[in-house]
Each structure stands twice: as structure tokens, then as C-alpha cells.
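Working notes, beginning with the structure itself.
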Amino acid sequence: KQEVTQIPAALSVPEGENLVLNCSFTDSAIYNLQWFRQDPGKGLTSLLLIQSSQREQTSGRLNASLDKSSGRSTLYIAASQPGDSATYLCAVRRGLYNFNKFYFGSGTKLNVKP
Amino acid sequence: NAGVTQTPKFQVLKTGQSMTLQCAQDMNHNSMYWYRQDPGMGLRLIYYSASEGTTDKGEVPNGYNVSRLNKREFSLRLESAAPSQTSVYFCASRGGHYGYTFGSGTRLTVV
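Chains as they are written, first to last, in the numbering used here: chain Y, 13 to 126; chain B, 7 to 117.
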């Protein structure tokens with residue numbers, strides 16, 4: 013079974029700092045990996061999706077990388093802002109036709125202090 | 007706005023009562039999912055539907071039933087609610103090579 017781990021579980025940084033969130037997975041045979049943001053009491057908002065053939069994806073101040081061989085993905089947030097405070101989750105999809113095979117990490121709770 | 011719509015947003019049930027959580031998507035996605043999210047447990051898959059007319063059990067299906075009414079709608083039913091089903095329930099859909107789109111969730115409390 014695929015296991016997805018996110019470390020640290022919580023992170024507090026001052027505004028303006030660049031930061032990296034980590035996601036590791038045990039089985040490198042993945043189809044894609046998705047990063048989400050979840051605000052308290054809200055649903056999950058998709059941030060970035062990386063297909064297994066890609067190395068990275070960028071959206072604004074966010075950059076996600078994927079290294080299948082080492083079983084790792086990182087989410088880089090540049091010039092962090094208080095509005096970035098949320099829980100960030102990664103999810104790994106097993107294969108194209110494995111409809112139920114999405115595995116979620118337990119998330120990293122980010123607090124950006126003004 | 008395109009996306010996944012869940013109703014209701016909040017619900018309180020008494021033990022033994024039944025209810026149906028509704029989910030609809032307007033993105034023409036084939037696959038739809040029901041998850042529950044509990045503190046310290048992360049997201050756990052209850053049921054999924056790979057396409058219209060099919061449903062399958064996920065990780066924690068006991069106590070739940072689902073119906074894929076058509077391509078747009080996927081409902082989750084609790085026949086006899088138990089306090090252990092107190093949770094936040096999320097519906098999601100996915101199409102093709104793309105990732106998930108989630109609804110905003112239903113906060114269910116069973117007393």
C-alpha cells in the first residue's frame with residue numbers, strides 16, 4: 013500500500029520568508045501528484061498537479077517539484093504572506109485506471125506571521 | 007461557477023436517524039468520490055464511482071450507501087447514523103488525466 017508522509021506537521025514562519033513543504037511516498041509507480049490547500053472549515057482547493065512525466069509545475073509564487081525515483085515532492089512558496097496560512101496536503105494517484113487509488117498525506121499546517 | 011456542489015453544509019442527527027448527502031458536479035467528470043475527514047486520520051475514501059452506473063467500496067464503507075444517479079450526481083446515505091459517523095464529508099470529482107475537484111464539505115454531527 014502506498015504511504016504518503018508530510019513533514020513537518022506544522023510550520024510557523026515570518027512573513028516574506030521562502031519556504032519548502034515536503035511530501036514523500038513509498039511507491040514510486042505513481043500516475044500523478046496533486047497539491048491542495050485547505051483553509052479552516054473549508055474544502056480542498058487544488059494548487060498544482062504534476063504528471064509522472066513532469067519534473068515540476070509552477071503557479072504564481074508556488075512551485076512544485078517531483079522526483080519519482082526518490083519518492084519525493086516539494087512545494088516551494090516564495091515570499092510567504094499571511095494569506096498563505098492554511099493546511100497543505102499532497103495526494104498521490106496510483107495509476108490511470110486505478111480509480112480509487114489516491115493516497116493523501118496528513119498535511120502540513122502553515123502559519124505565516126505578519 | 008463550475009465545480010462540485012454539496013448539500014447540506016451542516017447537519018445534526020440523532021443516533022439512528024437517516025439522511026442523504028447530496029453532491030453534484032457540472033464538469034462532465036466521469037469519476038466521483040466520497041471522503042470523510044477526521045482529526046488525526048486524514049482523508050479516507052468511503053465510496054467511489056468510476057463512471058455512471060458503477061459504484062465501489064473504498065477504505066471505510068461500513069454504515070454508508072451510495073447512488074450514482076446520473077453522470078452529475080452522486081449521493082451518500084447514512085441509514086442509521088452513529089456517533090462514530092460524526093465527521094466532515096467531502097465529495098470530489100475527477101476527469102481523465104486531471105486531478106480532483108472537491109466540494110466545500112458537509113459537517114455532520116451525530117448525537
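Think of the CB as a built atom: it goes at the ideal place given N, C-alpha and C, for glycine as much as any other residue.
Nothing here was measured: the structure is a model prediction, and the numbers come from that model.
ask   = With 16 as the cutoff for other CB atoms within 10 Å, does valine 104 of chain Y come out buried or exposed?
value = One-based indexing of the first sequence puts residue 104 of chain Y at position 92. Classification for valine 104 of chain Y: buried.
key: Within-9 Å CB hit, glycine 119 of chain Y to chain B   = Locating residue 119 of chain Y in the first sequence gives position 107, where the first residue counts as 1. Chain B, which has a Cβ nearer than 9 Å to the Cβ of glycine 119 of chain Y, makes this yes.
key: Minimum Cβ-Cβ distance from alanine 98 of chain B to chain Y less than 9 Å   = Locating residue 98 of chain B in the second sequence gives position 92, where the first residue counts as 1. So yes, alanine 98 of chain B belongs to the interface.
Residue closest to glycine 55 of chain Y, alpha-carbon to alpha-carbon, out of Y:Ala98, Y:Gly117 and Y:Gln69 = Here residue 55 of chain Y is taken as the residue at index 43 of the first sequence, counted from 1. Measuring from the Cα of glycine 55 of chain Y, the nearest candidate turns out to be Y:Ala98.
Residue span of the beta strand (DSSP E) that contains methionine 38 of chain B, given as start and end = Within the second sequence, numbered from 1, the residue matching residue 38 of chain B stands at position 32. Here the beta strand (DSSP E) through methionine 38 of chain B covers 37 to 44.
key: For glutamine 63 of chain Y, the residue or residues it bridges with in DSSP   = Here residue 63 of chain Y is taken as the residue at index 51 of the first sequence, counted from 1. Bridge partners of glutamine 63 of chain Y: Y:Asn44.
Three-way DSSP call (helix, strand, coil) for glycine 48 of chain B in this model = On the second sequence, position 42 is the one that residue 48 of chain B refers to. Strand, per DSSP.
inquiry  = Cutting at 6 Å between CB atoms, please list the residues of its own chain near proline 84 of chain Y, excluding the five before and the five after it.
reply    = Position 72 of the first sequence, counted from the first residue, corresponds to residue 84 of chain Y. Note that residue 84 of chain Y corresponds to arginine in the displayed sequence, not to proline. Same-chain partners within the cutoff: Ser36.
query = Between B:Ser93, B:Gly101, B:Arg74 and B:Arg78, which lies nearest to valine 66 of chain B when the distance is taken from Cα to Cα?
reply = As a working mapping, residue 66 of chain B is identified with position 60 in the second sequence. Closest by alpha carbon: B:Ser93.
ask   = With a CB to CB cut of under 8 Å and the five nearest residues on each side skipped, what residues in its chain are close to glycine 111 of chain B?
value = Position 105 of the second sequence holds residue 111 of chain B. Excluding positions up to five away in sequence, the list reads Gln12, Lys15, Gln43, Val94, Tyr95 and Phe96.
ask   = Per DSSP, which one or two residues make a beta bridge with alanine 103 of chain Y?
value = Your numbering for residue 103 of chain Y matches position 91 in the first sequence. Per DSSP, Y:Gln46 and Y:Phe116.
inquiry  = For the beta strand (DSSP E) containing threonine 107 of chain B, name the first residue and the last one.
reply    = Indexing the second sequence from 1 puts residue 107 of chain B at position 101. It spans 106 to 108 - the beta strand (DSSP E) in which threonine 107 of chain B sits, taken as one unbroken run.
key: Beta-carbon neighbours of lysine 54 of chain Y, restricted to chain B and to distances below 9 Å   = Position 42 of the first sequence, counted from the start, is the residue given in the question as residue 54 of chain Y. The answer, in chain order, is Ser110 and Gly111.
inquiry  = Strictly under 9 Å for the Cβ-Cβ distance: is asparagine 44 of chain Y near chain B by that measure?
reply    = Counted from its first residue, the first sequence places residue 44 of chain Y at position 32. Cβ-Cβ to chain B under 9 Å: yes for asparagine 44 of chain Y.
Leucine 27 of chain B versus proline 89 of chain B: straight-line alpha-carbon distance, rounded = Translated into the one-based positions of the second sequence, residue 27 of chain B becomes position 21. Translated into the one-based positions of the second sequence, residue 89 of chain B becomes position 83. Taking the straight line from one Cα to the other gives about 17 Å.
ask   = Given glycine 59 of chain B, which residues of its chain have a CB within under 8 Å of its CB, disregarding the five upstream and five downstream residues?
value = Looking up residue 59 of chain B in the second sequence gives position 53. Closer than 8 Å at the Cβ level, and outside the excluded window around glycine 59 of chain B, lie Arg74.
request  = Report yes if the CB atom of isoleucine 89 of chain Y is closer than 9 Å to the CB atom of leucine 45 of chain Y, and no otherwise.
outcome  = Counting from one through the first sequence, the residue named residue 89 of chain Y turns up at place 77. Counting from one through the first sequence, the residue named residue 45 of chain Y turns up at place 33. Contact: no.
ask   = Between glycine 105 of chain B and serine 58 of chain Y, is the Cβ-Cβ spacing less than 9 Å?
value = Stepping through the second sequence from its first residue, residue 105 of chain B is reached at position 99. Stepping through the first sequence from its first residue, residue 58 of chain Y is reached at position 46. Yes.
request  = Taking C-beta pairs closer than 8 Å, name the residues in chain D that threonine 107 of chain B reaches, listed in chain order.
outcome  = The question asks about chain D, but that chain is absent: this structure's protein chains are Y and B.
Three-state secondary structure (DSSP) of proline 94 of chain Y = Residue mapping note: residue 94 of chain Y aligns to position 82 of the first sequence, counting from 1. Residue state, collapsed to three classes: helix.
ask   = Just the Cα atoms here: how many angstroms apart are serine 86 of chain B and proline 52 of chain Y?
value = Numbered from its first residue, the second sequence carries residue 86 of chain B at position 80. Numbered from its first residue, the first sequence carries residue 52 of chain Y at position 40. Each residue's Cα considered, the two are about 29 Å apart.
query = Hey, quick one: how far does the beta strand (DSSP E) through asparagine 34 of chain Y stretch, first residue to last?
reply = Position 22 of the first sequence, counting from 1, holds the residue named residue 34 of chain Y. Run containing asparagine 34 of chain Y: 31 to 37, per the beta strand (DSSP E) assignment.
query = How about lysine 80 of chain Y and isoleucine 42 of chain Y: are their beta carbons less than 9 Å apart?
reply = As a first step, residue 80 of chain Y must be located in the first sequence, where it is residue number 68. As a first step, residue 42 of chain Y must be located in the first sequence, where it is residue number 30. Cβ distance < 9 Å, so lysine 80 of chain Y and isoleucine 42 of chain Y count as in contact.
ask   = If the cut is a Cβ gap below 7 Å, which residues of chain B does phenylalanine 116 of chain Y touch?
value = One-based indexing of the first sequence puts residue 116 of chain Y at position 104. Neighbours of phenylalanine 116 of chain Y on chain B, chain order: Gly48 and Leu49.
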